[in-house]
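Working notes, structure below.
Numbering (the working numbering), first residue to last: 15 to 239.
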C-alpha cells in the first residue's frame, strides 16, 4: 500500500477546491509495490513526479489513442515512464530522458522490477538536444522539463509528432501562478516561469490543429493535437 503521506509533494500548491482532490485520491485503487515505493521515495526526497491521478489520465490518453511510441522529456526516477510503458504494451517504445545519471540508474532498476525494461530506452542528457536527434515520429511527446523552456520545446516537438500525435505538457497552470496566484510552499522565484508559460499558452491556442485541453487535475497537464 502507498505511504499515506507519499502524495504530499506532488499535490503541493494544487488549485482544486479544498476537499475535492482528497476525494479524487480516495477513489484511486492502490498502486503496485514498485509504483508505491516510487511515490514514497518522491515524497521523502522531494522528487517531482506526476502522481497517480495524473498518471491515470496519461495512461488513458495513450491507450485510447493506440500510442506505441512515446518520447518523454524530463523523467526523473521514471514514475511516469512506467505508466507510459504499460500503456504502449508489448512492441511499444518509450524514451526516458533526464540529465542526472544517478536518477537514470535508479530509474533503470525500477523499470526492471516493474517488468517494462525492454520497452524503455534510457537516454541521459539535455532532453531538448536528445529530441532534436530523433529521426522517427512519435505518437506522444510528453514535456516535463523546466517551465521556462516550454515555448521552445513545443515548437521543437511538433516536427517529431506523427499526424494526429499528441504533445502533452505538465504543470501548465503552474499551481495558479500563470494567473498571478500566490501559492504556499513555493519560493517566489518560481513565478519567473509564469510569463513564458502564458506566452506559450497563447501561441498553442492559436496554432494547434485542434483546441488544446487543460484538465485541472492537481499538476495541470495540457494536451495539444
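The beta carbon of each residue, even a glycine, is placed where N, CA and C say it ideally should be.
A distance of 8 angstroms or more separates the beta carbons of residue 39 and residue 64.
Taking C-beta atoms under 8 angstroms as the contact rule, residue 112 and residue 90 qualify, at a distance of about 6 angstroms. The continuous beta strand (DSSP E) containing residue 180 extends over residues 175-183. Inter-residue distance for residue 100 and residue 130 is about 7 angstroms (C-alpha atoms, whole angstroms). According to the DSSP assignment, residue 64 belongs to no beta strand (DSSP E), since it is labelled neither H nor E.
In the pairwise beta carbon analysis, the region 79-90 is classified as touching the region 146-158: at least three pairs are separated by under 8 angstroms.
For residue 117, the enclosing alpha helix (DSSP H) has its first and last residue at 115-128. Look at residue 163 here: in three-state DSSP terms it is helix. Rounded to the nearest angstrom, the Cβ distance from residue 98 to residue 86 is 6 angstroms, consistent with a contact under 8 angstroms. Taking a C-beta distance under 8 angstroms as the contact criterion, residue 174 and residue 145 qualify as a contact pair. Burial is judged here by how many other beta carbons sit within 10 angstroms of a residue's own beta carbon; residue 37 has fewer than 16 and is exposed.
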